[in-house]
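In my numbering, the protein residues as written are 1 to 308.
Ideal placement from N, C-alpha and C gives every residue a C-beta, glycine not left out.
Following: one structure in structure tokens, then a few remarks.
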Amino acid sequence: MRVAIASRIFEPEPSAASFRLGALANAFAEAGHEVTVLTVLPAAGRTEAEAEDRRRTFHVKRFPVLRDRTGYVRGYLQYLSFDVPLFFRVLFGAKLDLLISEPPPTTGFFVRLAAGLRGIPYVYYAADIWSDASESTGAPDLVVNAVRGMERFALHGARCVLAVNDGVARRIGEIAPRARVRVVGNGVDTSVFTVDGAESGIDGRCAIYSGTASEWQGAVIFIDAFEHLLAEHADARLVFLGQGSDWDALRRRAAQLPDGAVSFVPTVPPEEAAAWIRGATVSLASIRPDAGYDFAFPTKVFASWVPP
Numbered sequence: 001m002r003v004a005i006a007s008r009i010f011e012p013e014p015s016a017a018s019f020r021l022g023a024l025a026n027a028f029a030e031a032g033h034e035v036t037v038l039t040v041l042p043a044a045g046r047t048e049a050e051a052e053d054r055r056r057t058f059h060v061k062r063f064p065v066l067r068d069r070t071g072y073v074r075g076y077l078q079y080l081s082f083d084v085p086l087f088f089r090v091l092f093g094a095k096l097d098l099l100i101s102e103p104p105p106t107t108g109f110f111v112r113l114a115a116g117l118r119g120i121p122y123v124y125y126a127a128d129i130w131s132d133a134s135e136s137t138g139a140p141d142l143v144v145n146a147v148r149g150m151e152r153f154a155l156h157g158a159r160c161v162l163a164v165n166d167g168v169a170r171r172i173g174e175i176a177p178r179a180r181v182r183v184v185g186n187g188v189d190t191s192v193f194t195v196d197g198a199e200s201g202i203d204g205r206c207a208i209y210s211g212t213a214s215e216w217q218g219a220v221i222f223i224d225a226f227e228h229l230l231a232e233h234a235d236a237r238l239v240f241l242g243q244g245s246d247w248d249a250l251r252r253r254a255a256q257l258p259d260g261a262v263s264f265v266p267t268v269p270p271e272e273a274a275a276w277i278r279g280a281t282v283s284l285a286s287i288r289p290d291a292g293y294d295f296a297f298p299t300k301v302f303a304s305w306v307p308p
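Pasting the structure below:
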């Protein structure tokens, strides 16, 4: 088959979606299918990304995109800067036997429109429920309803919806009852996140929160707890590794603790993230309770399970 994967983020940018979609593209290619990934130019390291793409067993087509001030493709203008060109790329591109769409729902919305006009079946990859996430952050009802409408439109039009866990699958059944859902699970690259290997980090006892920190994850609770912990363990350190929409709020809260108690490390390649996790005393993950998003399961948990 001729298969395409559409995603606003892909390797080598470090994220759960990058790992998951890279594994999916490799699996299709190893099965003998012709695979093309429609994605974006990386925020940095374009030369390295192009060199890596040339070594792949599938094709990667990248195009420019708007990014937020942290360098991430997040925000409605940023999403549309990917989605609108994608619509025309699918509409006027090569004929496909299957198209796989990664969230956000805006991407699924434009994929359904373009795929419908071309008669291409598509699959929607439901890593989470975006409308519930927007609601949990206190977004206005107008925004939540618009996101839910686009999400439902994308889910109902898909030949199949791939859900990462049973909780996501159940929620899809509630908001898009006509969707055909299959639970495929989630995980991390266990050739990178291994028990053995180099260790990075801070000397002494170190707790690490790796990956995205968004409002619905409520990671500030770890800083609140750490303030009490320092009274008994003054040498303990807390590290946030990654990025996220809650980053500035976390920094402001951390400023109330002694200097050096909490550190913030920008996003690093997967191999470096694995080294940080191996060097930590404990790894942290969170979901803010009672926000309507309790079924989510952070991928960073899988990364932490592999190293001791």
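Which stretch, first to last residue, makes up the alpha helix (DSSP H) that contains residue i?
| i | result |
| --- | --- |
| SER131 | 130-136 |
| HIS228 | 220-229 |
| VAL111 | 105-118 |
| GLY157 | 141-157 |
| LYS300 | 300-305 |
| GLN243 | First-last for GLN243: 237-243, but that is the beta strand (DSSP E), not the alpha helix (DSSP H). |
| LEU77 | 76-92 |
Among the options, which has the Cα closest to the Cα of residue i?
| i | options | result |
| --- | --- | --- |
| VAL183 | GLU174, GLY173, LEU162, PRO105 | LEU162 |
| ARG278 | ARG205, SER286, ALA231 | ARG205 |
| GLY218 | VAL268, ILE175, ALA285, ARG171 | ALA285 |
| GLU34 | VAL40, THR57, GLU50 | THR57 |
| ASP128 | GLU215, GLY116, GLY167 | GLY167 |
| GLY32 | VAL3, SER15, ASP53, PRO14 | VAL3 |
| ARG55 | GLY71, GLN78, ASP83, ASN26 | ASN26 |
| LEU80 | PRO103, LEU91, ASP97, LEU99 | PRO103 |
| ARG171 | ALA261, GLN78, PRO140, ALA126 | ALA126 |
| SER148 | VAL40, TRP130, ALA280, VAL268 | Sequence check: residue 148 is Arg here, not Ser. Measuring from the Cα of ARG148, the nearest candidate turns out to be TRP130. |
| TYR124 | ARG69, VAL181, ALA51, THR267 | VAL181 |
| ALA198 | GLY22, TRP276, PHE297 | TRP276 |
| GLN243 | ALA16, PHE222, VAL262, ALA213 | ALA213 |
| TRP305 | ARG253, ALA255, SER210 | SER210 |
| LYS95 | GLY75, TYR72, PHE82, TYR122 | TYR122 |
| PHE28 | ILE100, ARG69, ALA261, GLU50 | ILE100 |
| PHE310 | GLN256, ASP259, ASN165 | There is simply no residue 310 to check, as the chain begins at 1 and stops at 308 in what is shown. |
| GLU52 | LEU24, PRO12, ARG89 | PRO12 |
| PRO14 | TYR72, ALA179, ILE120, ASP97 | TYR72 |
| GLY22 | ASN186, ALA254, ARG69, LEU241 | ASN186 |
| THR70 | ALA254, ALA280, TRP247, PHE82 | TRP247 |
Can you give me the start and stop residues for the beta strand (DSSP E) that residue i sits inside?
| i | result |
| --- | --- |
| PHE10 | Here PHE10 belongs to no beta strand (DSSP E), and DSSP marks it neither H nor E. |
| TYR361 | There is simply no residue 361 to check, as the chain begins at 1 and stops at 308 in what is shown. |
| PRO266 | 262-266 |
| GLU34 | 34-40 |
| ILE287 | Neither: ILE287 is in no beta strand (DSSP E) and is coded neither H nor E. |
| ALA163 | 160-163 |
| PHE193 | Segment: none, PHE193 is in no beta strand (DSSP E) and carries neither H nor E. |
| ALA126 | 122-126 |
| ARG62 | 59-63 |
| ARG20 | Here ARG20 belongs to no beta strand (DSSP E); instead the alpha helix (DSSP H) covers 16-30. |
| VAL181 | 181-183 |
| ILE100 | 98-101 |
Roughly how many angstroms separate the alpha carbons of residue i and residue j, rounded to a whole number?
| i | j | result |
| --- | --- | --- |
| PHE264 | SER200 | 14 angstroms |
| PRO308 | VAL195 | In this prediction, PRO308 scores a pLDDT of 49, lower than 50, which makes its location untrustworthy; the coordinate-derived value is nonetheless stated afterwards. Cα to Cα, the separation comes out at about 6 angstroms. |
| MET150 | GLY93 | 23 angstroms |
| HIS228 | ALA234 | 10 angstroms |
| VAL111 | PHE87 | 6 angstroms |
| ALA169 | LYS61 | 31 angstroms |
| PRO177 | LEU142 | 22 angstroms |
| HIS59 | PHE19 | 16 angstroms |
| ASP290 | ILE175 | 19 angstroms |
| ARG67 | VAL84 | 15 angstroms |
| ILE202 | ARG237 | 8 angstroms |
| PHE153 | ARG288 | 27 angstroms |
| MET1 | ALA274 | 35 angstroms |
| PRO42 | GLU232 | 43 angstroms |
| ALA225 | PRO270 | 28 angstroms |
| GLY116 | VAL144 | 25 angstroms |
| ARG118 | ARG251 | 47 angstroms |
| PRO140 | LEU230 | 38 angstroms |
| GLU30 | ILE223 | 45 angstroms |
| PHE302 | ALA261 | 26 angstroms |
| ARG89 | ASP132 | 29 angstroms |
| GLY173 | ALA146 | 19 angstroms |
| LEU98 | GLU50 | 25 angstroms |
| PRO258 | PHE193 | 32 angstroms |
| GLY75 | GLU272 | 27 angstroms |
Can you give the beta carbon distance from residue i to residue j, rounded, assuming they're within the 8 angstroms contact cut?
| i | j | result |
| --- | --- | --- |
| VAL188 | ILE208 | About 15 angstroms; that fails the 8 angstroms criterion. |
| VAL325 | ALA249 | Only positions 1 to 308 of the chain appear in the structure, and residue 325 is not among them; the question remains open. |
| GLU215 | SER245 | 6 angstroms |
| ALA114 | LEU91 | 5 angstroms |
| ALA16 | THR299 | 4 angstroms |
| PHE63 | VAL40 | 6 angstroms |
Legend entry - Contact between the stretch 100-107 and the stretch 7-27 (3+ Cβ pairs under 8 angstroms): Cβ pair count under 8 angstroms is three or more, so yes.
Inset, instruction - Evaluate the contact criterion for the stretch 134-141 versus the stretch 157-171: three or more CB pairs, one atom per stretch, below 8 angstroms. - result: At 8 angstroms Cβ cutoff, the stretches do not touch.
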